[in-house]
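Protein chains in written order, with my numbering: chain B, 1403 to 1541; chain P, 15 to 182. Working notes, beginning with the structure itself.
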Amino acid sequence: MIVRYRLIEDWLAEEGIWFPWGMFYENLSDIFVDCTLLVRAIPDDDRRKGRYFDQRIREFRPTIEEAEVVLGEYADRYRVRPEICTVEGENHREIRARLWEILFDEMEKQRLERQAGYVIPEPAYYAVHEQSNETGDDD
Amino acid sequence: MNPTTSLTLADFDPQAIAEYGITADDLRQVEHYLRLLQGPDAPVLADIAIGGYYGTAALLHEIVELRILLEREPDLLEWDRDSVRTYWSLNEDAHVTALIDEYTYLQHQIEQVLGEEIEISALLWATSTMRDFDLLAESNWPGHLLVPDAEAVDLARRLLARLREVKL
């Protein structure tokens, strides 16, 4: 079974970054038969948002190409990456496990990139006149 | 507005508070944890702030989840937000255990307080997400989890609405 998916990112306002949150993926399973897409995401306990996304999927029945429609009123804080990727597995459970690995890899990659960005370079020189007073105020 | 600043342990079911040994410090930790995960608004804090049996169920979820995570990473609450989220994604089992405690508690209270019986699957379907339903279905939980019919889901919604109004 080959399933197409797209990554979802959410906006972390305090950090000022988009960060991986989950993915929309095509529902090729025999559960939730009224849903064209399913969500694999970190279980952040925000059920209002989760139920809203579920309801939008049932209402609009979007294809993976149309996944943005699911975001609705959350479109200012969430975005769907444009790339459509594929994942392969024997069954739904295996697909979900694989998606989880991909999501973790994405989160870890971005986290490490951010940490690397914070590294403060060694100063190229040291101040040698720290005790001097350039203003000339000698009192 | 910070929805938990006025909360005290007295807002919640005393039996559950005693059974889980929940303290005022736990409340503060849960608030900090939720803001780390969900941002400054932390919508789940509003569910907890309802108090009573309904709010207690939401609180139990976070208490159980956080205790598991802190046992594994005692400094977790000192981390930055994306590190916590990345770590969290590796510990999905903590969320599943929390779901089980939360919904078992709700089922029990509906039986005790309202005298009605309802399946956990119907409660979960009525209030949570497909994602959570799927997670529980894939877990090792020995309970019976079948997709409920519309009638059961409707009953679950009505019972939860009644439970929400019950004062301690």
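Think of the CB as a built atom: it goes at the ideal place given N, C-alpha and C, for glycine as much as any other residue.
I'd like the list of long-range same chain contacts for B:A1529, defined as Cβ closer than 6 Å, with 5 residues on each side in sequence excluded. By 1-based counting over the first sequence, the position of residue 1529 of chain B is 127. Interpretation of B:A1529 is limited by its pLDDT of 49, a score under 50 that renders its predicted location unreliable; the figure taken from the coordinates is listed afterwards. Short of 6 Å from the beta carbon of B:A1529, and not among the five residues preceding or following it, lies no beta carbon of its own chain.
Quick check on the DSSP output: what are the complete alpha helix (DSSP H) runs of length 4 or more inside the stretch 1489 to 1525 of chain B, in order along the chain? Listed in chain order, the complete alpha helix (DSSP H) runs (minimum 4 residues) inside the stretch 1489 to 1525 of chain B are 1494 to 1520.
At least one CB of chain B closer than 9 Å to the CB of P:L84: is that the case? Here residue 84 of chain P corresponds to residue number 70 of the second sequence, with the count starting at 1. For P:L84, the answer is no, since every Cβ of chain B falls outside 9 Å of its Cβ.
Residue from B:G1424, B:D1436, B:A1415 with nearest C-alpha to B:D1478: On the first sequence, residue 1478 of chain B is found 76 positions in, with the first residue counted as 1. Minimum Cα distance to B:D1478 is reached at B:A1415.
How do the stretch 1416 to 1429 of chain B and the stretch 119 to 137 of chain P stand: do at least 3 beta-carbon pairs fall below 8 Å, yes or no? The stretch 1416 to 1429 of chain B, when compared against the stretch 119 to 137 of chain P, does not touch it at the 8 Å Cβ threshold.
For the beta strand (DSSP E) that contains B:A1469, what are its first and last residues? Taking the first sequence and counting its residues from 1, the one referred to as residue 1469 of chain B is at position 67. In the DSSP assignment, B:A1469 falls outside any beta strand (DSSP E) and carries neither an H nor an E.
Determine which residues share a DSSP beta bridge with B:D1412 and list them. Locating residue 1412 of chain B in the first sequence gives position 10, where the first residue counts as 1. Paired residues: B:F1421, B:Y1480.
Can you name the residues that DSSP bridges to B:A1443? If you number the first sequence from 1, residue 1443 of chain B lands on position 41. Partner(s): B:G1424.
Could you pull the start and end residues of the alpha helix (DSSP H) that P:W93 belongs to? The residue given as residue 93 of chain P occupies position 79 in the second sequence. That residue, P:W93, is in no alpha helix (DSSP H); it is neither H nor E in DSSP.
Compute the distance between the beta-carbons of B:D1447 and P:H46, then report whether it is under 9 Å. Locating residue 1447 of chain B in the first sequence gives position 45, where the first residue counts as 1. Locating residue 46 of chain P in the second sequence gives position 32, where the first residue counts as 1. Going by C-beta atoms, B:D1447 is not nearer than 9 Å to P:H46.
Nonlocal neighbours in the same chain, by C-beta distance under 7 Å from P:L138, ignoring five residues either side: Here residue 138 of chain P refers to the residue found at position 124 when the second sequence is read from its first residue. Within its own chain, the residues whose Cβ lies closer than 7 Å to the Cβ of P:L138, once the five positions on either side in sequence are excluded, are Y117, D146, F147, L150, listed in chain order.
Select from P:I114, P:I31, P:L73, P:T37 the residue whose C-alpha is nearest the C-alpha of P:L159. Counting from 1 along the second sequence, the entry for residue 159 of chain P is found at position 145. Considering only alpha carbons, the answer is P:I114.
Helix or strand or just coil, what does DSSP make of P:F147? By one-based count along the second sequence, residue 147 of chain P stands at place 133. Assigned with DSSP and collapsed to three states, P:F147 falls in helix.
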